[in-house]
Structure formats: structure tokens, C-alpha cells
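Note sheet for the following structure.
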DNA sequence: AGATTACTTTACACCATGTCAAGTTGACGG
DNA sequence: CCGTCAACTTGACATGGTGTAAAGTAATCT
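Residue numbers (this note's numbering), protein chains in the order written: chain S, 1 to 194; chain B, 195 to 388.
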């Protein structure tokens, strides 16, 4: 527990999240400070740099939205296929909420090693959800022939990437439910054999 | 035709391309200048800014690799399905060569309106290839039910995005042929009915 | 009263892009 | 042989965002 004011820290995280989610151009440290009603320098009393702040925002979001609970739901599905569908719905509905931060972190990936590591860590965690769904498919003997479990996981992971969501949802203008439905059907056809 | 030395211009483009394709961290204007053996300022005698330089690199690549010829090939396929496969192979094999520039342009998209417009233009052109393949499928009556032609195009477009290639090829370490093969099969299953 | 915490304000270093102005060099025409 | 022009070089500088440093202030705890 930090000795710094906890409410200020939360205000920063919330302000940063709000700004990032609005998606109105690049969000600078000074923008976040202004939104949180503190000086730009005070940000550095709470977070050593921009990357750390962004990472803290994602962790904060995980807490607020209780990611664990969402994932637990998909783990209870009765069959591999059902589990796949539940996983896609759970993750697919979470993307919109982390999208702003995700964008910012991805943009930093090139210059900032820490940002890259953080983002890769989160994506690795997401990949485990994909692996679990694929494993459930395989246990049912439903995994398509000609695709190894690892490859199937890679494929599902790519299909569920934030970039693909961005493209279909924002560039192509698909409604969220349509994105979920088509992605579920696409994944089923791509991964399930028979 | 510019009055500036044409060979210098080509040397710049080639140097920029080489550096970008190596993918060793961010490529600065000074890096490109050094590689082309001119001063950083001389770059600005040939290109008004970084975005324009990058765009020129893509156009240069199109010329060098004769993109039109590649596309013409896929247009001659006898059936919709064959055409889809040919298109995926053609574009999928082109991605590795434009990947470096693509990355750089995508990274600029957020701050630079010109870079964004340029990239979107190129992606719109690529999308036409997807639309043509989908139209060929539909003409054969092979388009999956429950998916409009526009949606099918969007889906194929996303599946063939540079980001997905990056993820499978670089993050997951797939060989290029495997990327092509699995993408072809995935697209077939996702788009073709029956 | 004194110390500590959580800030503020001001100033500055760094780095990449892009601008500006004053050279230098080599080729070509008269 | 001289002048001119095109293609470059060198050096200085503005801008914008990140991050560092230091001194000051106001409230709170003991």
C-alpha cells in the first residue's frame, strides 16, 4: 500500500481511462493531469512513467469489471463448442472496455520495452483462455483434423485480437452483437471438425 | 518529373525500405539519411516529411514488385473458390515485403492525418481484391448463407490484415507457407456455404 | 512547534521532426 | 575562363511531448 493519497490515484486512473476510451486523438500526460485536476508533475508522484500508468489502468479495469468472474462463467460450459462460444462472447464483450488503453499501449510497443512486455503479458493471459477452449474442443474430439491444438490456439487468438475487433467494429461499422455472432460462427467453422 | 537527382531519390527509397524491413527498432529520418549517404536535411529536398517518404516507399515497392501482375493472375481463376485461394496466396505473399513500411505507417496513423489517409487508401485498394473474390464466390452460388457480400468482404479483409499476418507469422512463429495454407482453409470454411 | 505528506510551480534536459539560411561543389553554357 | 544553377552540406533553431529536479505551500499528525 502506497503512502500516497489513494483517492487521487483512483481519480487519475479513472480520468485516464475516460480520456482513452473517448478516443479523441492522442492522450498526453498533461491531458490526464488536467482531467484528474492535478498538475502534470503530480502524475509522476504516483506513476514513474506513461507506460506504468497505462498498465495500471488495465489492472484497474480488470478489478472494476471483475474479469475473473467473466472467465469463470465460460469455464462452466457443458461442451467444448459451448465453451468456445462462451469464451468468444466473454472476451469479445470485454474488448470494447479495454480498447482505449489497448490502443495506447500498442502504440507505445515500438519504442517502449516495458509497454511491450506489459501488453504481451496481457495477451498471453488472453491466449490461455483460447488454449483452454481449444483443449475443451479436443477433449470432446471436436477439434478439426489438420490443425494441431497449438495452431488452433494461435488461430483463435488471432481471430479474437483487438485489431480484428477494431477493424470489424470501427472500420467496417459492425454492431457489437454482429461482431460476436459472426466471430463465433467463424471460429466454429475454422476450428471444429466434421 | 522532378528536377532533383533521380538516383538519389531511389537510393533514399531503397535505403528506407531496407531499414524498415530489418525491423530493428524505430527508423528515424537520420537513420535513413545515413543509410542513403546524404545529410538528414537533404531528405527534405526530396520529401516534404516522413509520411510522404513512407508513402513513396510503398508506391516504389508496388512498382518494383509489379503488384498489378500478381493481381491479374488471381483474376483469371476458373471458379470463385479458386479465385479466393489465389487471392489469398497473392496478397499473403506480398505482405512480408511491405510489412516494414506498413508497420511504420500504421504507427503514424494516430498523430498524422496524412499517414492515416495514405494507409487507409492502400487498405481500401486491398479490400477491392477481397470484394472481387467474394463476388466471384457469390456468382457461383457458393457464398455461405447468413453472410451478406459486404460482411463476407469485411471478414475476409480482416482475416487478411497485416496485423493478423504479424501475429501468426511473427508472434506465433508460423512459417509463411503454413500461414497461407491455414488462412486459405479458414477463409474457405468461413465464407463458402455447404 | 515540528515534521511529514501530498501536492504546486517553475525550470530544464532530451529527442525526433521539421524549418531556415548560408555555404560548397561540380557541370554546363556562353 | 567565368558565371550560374542544381544538388547537396553544415549549423542553428523552433516545436511538442516525456521525464527530472528543486523549492515552496498547505493541511495533518504527534
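Glycine included, each C-beta is placed from N, C-alpha and C at the ideal position.
Endpoints, the alpha helix (DSSP H) within which residue i is located
| i | result |
| --- | --- |
| residue 361 of chain B | Run containing residue 361 of chain B: none; DSSP gives neither H nor E here. |
| residue 333 of chain B | 307-333 |
| residue 243 of chain B | First-last for residue 243 of chain B: undefined, no H or E at that position. |
| residue 282 of chain B | 274-302 |
| residue 218 of chain B | It is not in any alpha helix (DSSP H) - residue 218 of chain B carries neither H nor E in the DSSP assignment. |
| residue 175 of chain S | It is not in any alpha helix (DSSP H) - residue 175 of chain S carries neither H nor E in the DSSP assignment. |
| residue 264 of chain B | 261-269 |
| residue 228 of chain B | 223-230 |
| residue 233 of chain B | Unbroken run through residue 233 of chain B: none, as it is neither H nor E. |
| residue 155 of chain S | 149-159 |
Nearest-angstrom Cα separation, counted from residue j out to residue i
| i | j | result |
| --- | --- | --- |
| residue 217 of chain B | residue 251 of chain B | 15 Å |
| residue 196 of chain B | residue 246 of chain B | In this prediction, residue 196 of chain B has a pLDDT of 47, which is less than 50 and means its spatial position is unreliable; nothing more can be read from the coordinates. |
| residue 47 of chain S | residue 166 of chain S | 28 Å |
| residue 368 of chain B | residue 362 of chain B | 6 Å |
| residue 199 of chain B | residue 105 of chain S | 41 Å |
| residue 210 of chain S | residue 239 of chain B | One cannot answer for residue 210 of chain S here, as it falls past the ends of chain S, which runs 1 to 194. |
| residue 328 of chain B | residue 149 of chain S | 29 Å |
| residue 388 of chain B | residue 349 of chain B | 18 Å |
| residue 226 of chain B | residue 233 of chain B | 9 Å |
| residue 228 of chain B | residue 219 of chain B | 16 Å |
| residue 288 of chain B | residue 187 of chain S | 25 Å |
| residue 262 of chain B | residue 132 of chain S | 43 Å |
| residue 314 of chain B | residue 221 of chain B | 21 Å |
| residue 253 of chain B | residue 41 of chain S | 44 Å |
| residue 317 of chain B | residue 267 of chain B | 20 Å |
| residue 178 of chain S | residue 170 of chain S | 13 Å |
| residue 312 of chain B | residue 319 of chain B | 11 Å |
| residue 63 of chain S | residue 139 of chain S | 32 Å |
Cβ pair residue i, residue j closer than 8 Å
| i | j | result |
| --- | --- | --- |
| residue 304 of chain B | residue 107 of chain S | yes |
| residue 161 of chain S | residue 357 of chain B | yes |
| residue 204 of chain S | residue 115 of chain S | Because chain S here runs from 1 to 194, residue 204 of chain S falls outside it and cannot be looked at. |
| residue 321 of chain B | residue 189 of chain S | no |
| residue 351 of chain B | residue 294 of chain B | no |
| residue 370 of chain B | residue 282 of chain B | no |
| residue 230 of chain B | residue 209 of chain B | yes |
| residue 92 of chain S | residue 137 of chain S | no |
| residue 339 of chain B | residue 182 of chain S | no |
| residue 65 of chain S | residue 97 of chain S | yes |
| residue 29 of chain S | residue 50 of chain S | yes |
| residue 12 of chain S | residue 43 of chain S | yes |
Interface residues of chain S facing residue i [CB-CB closer than 9 Å]
| i | result |
| --- | --- |
| residue 368 of chain B | 151 and 154 |
| residue 358 of chain B | 158, 159, 161, 163 and 164 |
| residue 319 of chain B | What residue 319 of chain B touches in chain S: nothing, since even the nearest Cβ is about 14 Å away. |
8 Å Cβ cut-off: residues of chain B touching residue i
| i | result |
| --- | --- |
| residue 168 of chain S | 348, 349 and 352 |
| residue 182 of chain S | 341, 345 and 349 |
| residue 107 of chain S | 301 and 304 |
Whole-Å CB distance - residue i paired with residue j, under 8 Å assumed
| i | j | result |
| --- | --- | --- |
| residue 137 of chain B | residue 324 of chain B | In the structure displayed, chain B extends from 195 to 388; residue 137 of chain B sits before or after that span and is not available. |
| residue 83 of chain S | residue 90 of chain S | Actually they are not in contact, since the Cβ atoms of residue 83 of chain S and residue 90 of chain S sit about 10 Å apart, beyond 8 Å. |
| residue 143 of chain S | residue 191 of chain S | 7 Å |
Chain B contact residues for residue i, given Cβ-Cβ distances below 7 Å
| i | result |
| --- | --- |
| residue 111 of chain S | 220 |
| residue 190 of chain S | 380, 383 and 384 |
Residue i Cβ short of 7 Å to the ligand NAD heavy atom set
| i | result |
| --- | --- |
| residue 377 of chain B | In terms of ligand content, the structure shown is empty, and the ligand NAD therefore cannot be addressed. |
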